[in-house]
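In the UniProt record's numbering, the protein residues as written are 1 to 456.
Where a beta carbon is used, it is the ideal one built from N, C-alpha and C, also for glycine.
Keep in mind that this is a model prediction, so the values were computed, not measured.
What follows is one structure encoded as structure tokens, with my remarks underneath.
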Amino acid sequence: MKDAPQNTDYLDRPDNTRLSHLPGDYGLPFLGCMIPLVNNPSALIGSYYERYGPVCRTQTTGQKMVWALGPDYNRDITVDSQQLFSAHMGYDGMLRDFFAGGLLMKDFGEHHFHRRIMQTAFKTESLKQHLVQINERVSRDLPTWSSRPDFHFYPTIKTLLLDIGAKVFIGLEMGNEAHRLNQAFLDMMEGVLSIIRRDWPGLLYRRAMNGRRSLERYFLELTPQKRTSTANDMMSHFARERDEDGQPYPDTVVRDHILFLLLAAHDTTTSALTMAAYYLARNPEWQERLRQEAVGTGGEAPEYNTIKGGLPLIEQTFHEILRLHPPVPQLMRRTVQDTELGGYEIPADTLVAISPSFTHRMKEYWREPDNFDPDRFGPERLEHKAHPYLWVPFGGGAHKCIGMHFADILFKCVMHDMLRRYRWTLPDGYPTNPAIMHFPFSKLKDNLPLRLEPLH
1 MKDAPQNTDY
11 LDRPDNTRLS
21 HLPGDYGLPF
31 LGCMIPLVNN
41 PSALIGSYYE
51 RYGPVCRTQT
61 TGQKMVWALG
71 PDYNRDITVD
81 SQQLFSAHMG
91 YDGMLRDFFA
101 GGLLMKDFGE
111 HHFHRRIMQT
121 AFKTESLKQH
131 LVQINERVSR
141 DLPTWSSRPD
151 FHFYPTIKTL
161 LLDIGAKVFI
171 GLEMGNEAHR
181 LNQAFLDMME
191 GVLSIIRRDW
201 PGLLYRRAMN
211 GRRSLERYFL
221 ELTPQKRTST
231 ANDMMSHFAR
241 ERDEDGQPYP
251 DTVVRDHILF
261 LLLAAHDTTT
271 SALTMAAYYL
281 ARNPEWQERL
291 RQEAVGTGGE
301 APEYNTIKGG
311 LPLIEQTFHE
321 ILRLHPPVPQ
331 LMRRTVQDTE
341 LGGYEIPADT
351 LVAISPSFTH
361 RMKEYWREPD
371 NFDPDRFGPE
381 RLEHKAHPYL
391 WVPFGGGAHK
401 CIGMHFADIL
411 FKCVMHDMLR
421 RYRWTLPDGY
431 PTNPAIMHFP
441 FSKLKDNLPL
451 RLEPLH
């Protein structure tokens, strides 16, 4: 990989808003298309694609930007062989207050350097160790679900996955801290969509910043003891690391990396498991097919080789959930210099978005794209193979999700145990089309109430 560009002036320049030469429209004053985008991103972006083509302009809450739609642009913008697109500046306006310093907010050589350090936690040997910890917590927690009154899947799985993430990445049992930290993460992520970004009493943004400050204090207090720890968790490893000059990283750098990593590790898989639980309740024939596969593996806790190759139907289901509801519906970048997309000049400092949510439902590539159909990923169809960048739930290029193999293990472990332990259904009278939140991560707005039937 090339070194980072010597000239980093692009970090200090404002966004370009001169986009009138592109097809498209800006929607409502200031709000733009924010409301329909949040409510149904694939439908809204699909309507722009049909009216204006694959390269078009739009606006969300005052930010003018370009959509570059389809698998070719997914490839060109994420691979970015000429280093034309900044992830840092793409997300700066939306995420700076919440994740400044996180891996997502770094570019080029600096990103490569920090990613290489963090990659240790996601190598095969590390993943095998993580699997033991995941299985232990899953087998301890899931048996208690059937005794919980008024069971709602989303908050239950979110707490479990935060507990797992904390053990794996910071080496701690959450215990009584779990509820407080979970609420802090929830408050912070809700603030990502704040329209009025003022730290004033009563505003959503104030609550989000209070959540961020609570998490900052928690991780800053942990950092000194992690520097002298001999443990193998990610936070201890990073706290002991040295920069290119041989100096330890400041406490704030360690804090920012771990905060972002822990959020990404548990929130994205929480979303995938929640949507999977919903679709499998809605499609009991698929739930039964997956249950037969899980029971057929023999032992209660799946081993690494089983996880990585012995659960094809559960894997297809995971892939289908990520197709229908990718963790991040659109990926943001900003141009570092003048470039060209689809024959149009794109000036430097222009926000550019690609959309996994849209690409994953393009009728040109997918059969009945709005239907839940894990068989599309099976060996007889392999619809996702029509283009290397058609299925991109984890992004691509240098910024491809560092934890995607961890997410795969986590999803399969929970689903394997849940299928063997319970049959689940939706409550009587449950709506045919329940309300779904798509940002910042997909979830049922009602937190997914379920009826659990223990199988043994």
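Point to revise | Sequence-distant residues of the same chain with beta carbon closer than 6 Å to residue 3, five excluded per side | key: Because the pLDDT at residue 3 is just 44, under 50, the model does not fix this residue reliably, and the value given afterwards should be weighed accordingly. Shown here for residue 3: same chain residues with a beta carbon closer than 6 Å to its own, the five before and five after excluded, namely 109 in chain order.
Point to revise | Backbone CA spacing between residue 45 and residue 361 [nearest angstrom] | key: Taking C-alpha positions only, residue 45 is separated from residue 361 by approximately 11 Å.
Check your understanding: In whole angstroms, what separates the C-alpha of residue 315 from that of residue 309?
Key -> Their Cα atoms are separated by approximately 9 Å.
Check your understanding: From which residue to which residue does the alpha helix (DSSP H) around residue 129 run?
Key -> Taken as a continuous stretch (DSSP letters only), the alpha helix (DSSP H) holding residue 129 covers 124 to 141.
Review point. Are residue 19 and residue 66 closer than 9 Å when you measure CB to CB?
Key: Against a cut-off of 9 Å, the Cβ pair of residue 66 and residue 19 comes out as a contact.
Practice item. Could you pull out every unbroken alpha helix (DSSP H) segment of at least 4 residues lying fully inside the region 368 to 444, listed in chain order? Key: Listed in chain order, they are 404 to 421.
Review point. For residue 151, which of helix, strand or coil comes out of DSSP?
Key: Residue 151: coil per DSSP, three-state reduction.
Check your understanding: Taking the DSSP output, what are the residues bridged to residue 59?
Key -> Looking at the DSSP output, residue 59 bridges to 64.
Practice item. Give me the Cα-Cα distance between residue 388 and residue 332, rounded to the nearest whole angstrom. Key: Cα to Cα, the separation comes out at about 20 Å.
Point to revise | Local conformation of residue 45 per DSSP, three classes | key: DSSP places residue 45 in helix when its eight states are reduced to three.
Exercise for review: Quick one: which unbroken alpha helix (DSSP H) runs of 4-plus residues sit fully inside the region 69 to 103? Chain order, please.
Suggested key: You should have 71 to 79 and 87 to 99.
Check your understanding: Helix, strand or coil: how does DSSP classify residue 457 here?
Key -> Look at the range of the chain in this structure, 1 to 456, and you will see that residue 457 is not part of it.
Exercise for review: State yes or no: is the beta carbon of residue 136 nearer than 9 Å to at least one beta carbon in chain D?
Suggested key: The question asks about chain D, but that chain is absent: this structure has only one protein chain.
Practice item. Could you tell me whether the region 129 to 139 touches the region 193 to 202, where touching means 3 or more Cβ pairs closer than 8 Å? Key: Below 8 Å, too few C-beta pairs join the region 129 to 139 and the region 193 to 202 to call them touching: fewer than three.
Check your understanding: Which of helix, strand or coil does DSSP assign to residue 275?
Key -> In the structure shown, residue 275 sits in a helix (DSSP, three-state: H, G or I).
Practice item. Rounded to whole angstroms, what's the CA-CA distance from residue 344 to residue 213? Just pull it up for me. Key: Answer to the nearest angstrom: the Cα atoms are 43 Å apart.
Point to revise | Supposed close pair residue 365, residue 321 - CB separation, criterion 8 Å | key: Actually they are not in contact, since the Cβ atoms of residue 365 and residue 321 sit about 18 Å apart, beyond 8 Å.
**Study point:** Alpha-carbon to alpha-carbon, residue 17 and residue 62
**Key:** One C-alpha to the other measures close to 10 Å.
Check your understanding: If we ignore side chains and look at the alpha-carbon of each, how far apart do residue 268 and residue 161 end up?
Key -> When the Cα atoms are used, residue 268 and residue 161 turn out to be separated by approximately 10 Å.
Exercise for review: Whole angstroms is fine: what's the gap from residue 281's alpha carbon to residue 202's?
Suggested key: Their backbone Cα atoms lie some 38 Å apart in a straight line.
Point to revise | Every unbroken alpha helix (DSSP H) inside the region 211 to 253 [4 residues or more] | key: DSSP runs (the alpha helix (DSSP H)) wholly in the region 211 to 253: 234 to 240.
Review point. Is the CB-CB distance between residue 171 and residue 121 below 9 Å?
Key: Not closer than 9 Å, so no.
Review point. Around the Cβ of residue 153, are there at least 16 other Cβ atoms within 10 angstroms (buried) or fewer (exposed)?
Key: So residue 153 ends up on the buried side.
Check your understanding: Are the Cβ atoms of residue 241 and residue 117 separated by less than 9 Å?
Key -> Yes, Cβ-Cβ distance for residue 241 and residue 117 is below 9 Å.
Exercise for review: Give the range of the alpha helix (DSSP H) segment to which residue 454 is assigned.
Suggested key: Run containing residue 454: none in the alpha helix (DSSP H); it sits in the beta strand (DSSP E), 451 to 454.
Practice item. Alpha carbon to alpha carbon, how far is residue 56 from residue 70? Give it in angstroms, no decimals. Key: Taking the Cα positions, residue 70 is about 12 Å away from residue 56.
Practice item. Name the one or two DSSP bridge partners that residue 332 has. Key: In the DSSP output, where bridge partners are listed per residue, residue 332 has 353.
Check your understanding: Taking the alpha carbon of residue 13 as the point to measure from, which residue in 52, 89, 26 and 72 has its own alpha carbon closest?
Key -> Nearest option by C-alpha distance: 89.
Point to revise | Close Cβ partners of residue 392 (< 6 Å) along its chain, the five nearest in sequence each way excluded | key: Excluding the 5 residues flanking it on each side, residue 392 has same chain C-beta neighbours closer than 6 Å at 74 and 356, in chain order.
Point to revise | C-alpha gap between residue 189 and residue 208, whole angstroms | key: Roughly 7 Å separates the two Cα atoms.
Review point. Whose C-beta lies closer than 6 Å to the C-beta of residue 318 among residues of the same chain, with five residues either side of it excluded?
Key: These residues qualify, in order along the chain: 411.
Exercise for review: Can you grab the Cα-Cα spacing for the pair residue 449 / residue 150, in whole Å?
Suggested key: Distance between the alpha carbons of residue 449 and residue 150 is about 7 Å.
Exercise for review: Buried or exposed for residue 291, please, with buried defined as at least 16 other CB atoms from any protein chain shown within 10 angstroms of its CB.
Suggested key: A buried status is given to residue 291, since no fewer than 16 other beta-carbon atoms sit within 10 Å of its beta-carbon.
Practice item. Taking 8 Å as the threshold, find out whether the region 394 to 412 comes into contact with the region 364 to 379 through three or more Cβ pairs. Key: No contact exists between the region 394 to 412 and the region 364 to 379.
**Study point:** Euclidean distance between Cα positions of residue 251 and residue 223
**Key:** Straight through space, the alpha carbons of residue 223 and residue 251 are spaced by roughly 6 Å.
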